[in-house]
Amino acid sequence: MVVISAFNEADIAEAYRIFKTSRPNPWTYSTFEKSALNDFSLVAKENNNIVGYVLLSSVLDESTIEDITVDTQHRNKGIARKLMEASFDLAGKMQQQSIFLEVRFSNNAAINLYRSVGFELIGERKNYYDTAVAIDSTTQATQKNAPAAPRENAYVMKKVL
Ligand SMILES: CC(C)(COP(=O)(O)OP(=O)(O)OC[C@H]1O[C@@H](n2cnc3c(N)ncnc32)[C@H](O)[C@@H]1OP(=O)(O)O)[C@@H](O)C(=O)NCCC(=O)NCCS
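Note that full-length UniProt numbering has the sequence shown beginning at 1, numbered continuously upward.
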């Protein structure tokens, strides 16, 4: 059974591992930790193992989904939907009026997920996302003469609670 709860300090390292495996340009550990330990973020556990999480932030009565990720072996089992529904319950209890998010144009799985739980498309942000950074495999330095990586547009979506 999947259980949804607030993050404990002890959950952060494993959640960050899941985050890093799903992102070309992951945030730093400390940025992730700060977001995970706020009052809105939630973690999903099955048999006490972390299988996914959702990170939210809030300003006044508006929340933002900063990230949602389910570990690759546990996808397509309804865990992201559970995390979203638990977030709506929590945000409602915290007097939030609406939830916003940005999502890459190419991320069909996430776009379908958001639509299926009631988010509507309200706008676009041009060149919002980095794509993979060119790294020199011997020096680990970004190649000085590498052409600028193309950037990707984002959809902006909103759900009224
Ligand atoms: C997007 C993601 C969180 C979905 O997690 P999940 O637990 O597999 O999703 P669920 O099983 O709860 O699926 C809920 C709905 O999402 C949509 N969906 C999920 N995976 C999908 C896929 N591969 N293709 C198309 N739609 C998909 C469907 O509408 C699905 O509803 P349905 O099962 O009734 O068709 C997961 O694929 C993931 O972690 N991706 C990498 C991280 C990421 O891109 N996060 C979003 C950042 S904006």
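The beta-carbon is built from N, C-alpha and C at its ideal position, and this holds for glycine as well.
- Using a Cβ distance threshold of 8 angstroms, Leu121 and Thr64 do not count as a contacting pair.
- The three-state reading of DSSP puts Ser63 in strand, counting E and B together.
- Restricted to the segment 4-49, the beta strand (DSSP E) segments that are unbroken, complete and at least 3 residues in length are 42-46, listed in chain order.
- With a threshold of 7 angstroms, the Cβ atom of Arg75 counts as near ligand 1, since some heavy atom of the ligand is closer than that.
- Counting C-beta pairs closer than 8 angstroms gives fewer than three between the segment 52-61 and the segment 22-30, which falls short of the contact rule.
- Around the CB of Gln96, 16 or more other CB atoms lie within 10 Å, so the residue is classed as buried.
- For Asn153, the enclosing beta strand (DSSP E) starts and ends at Glu152 to Val160.
- With a cut-off of 7 angstroms, the C-beta of Ser87 is classified as distant from ligand 1, since no heavy atom of the ligand falls inside that distance.
- Annotation: the continuous alpha helix (DSSP H) that includes Lys93 extends over Ile79 to Lys93.
- Per DSSP, the unbroken beta strand (DSSP E) holding Ser98 starts and ends at Ser98 to Arg104.
- Under the three-state reduction of DSSP output, Thr131 falls in the coil class, being neither helix nor strand.
- For His74, the closest alpha carbon among the candidates Pro150, Tyr155 and Val2 is that of Val2.
- Closest in alpha carbon position to Arg81, among Ala110, Asn127, Asn153 and Tyr155, is Ala110.
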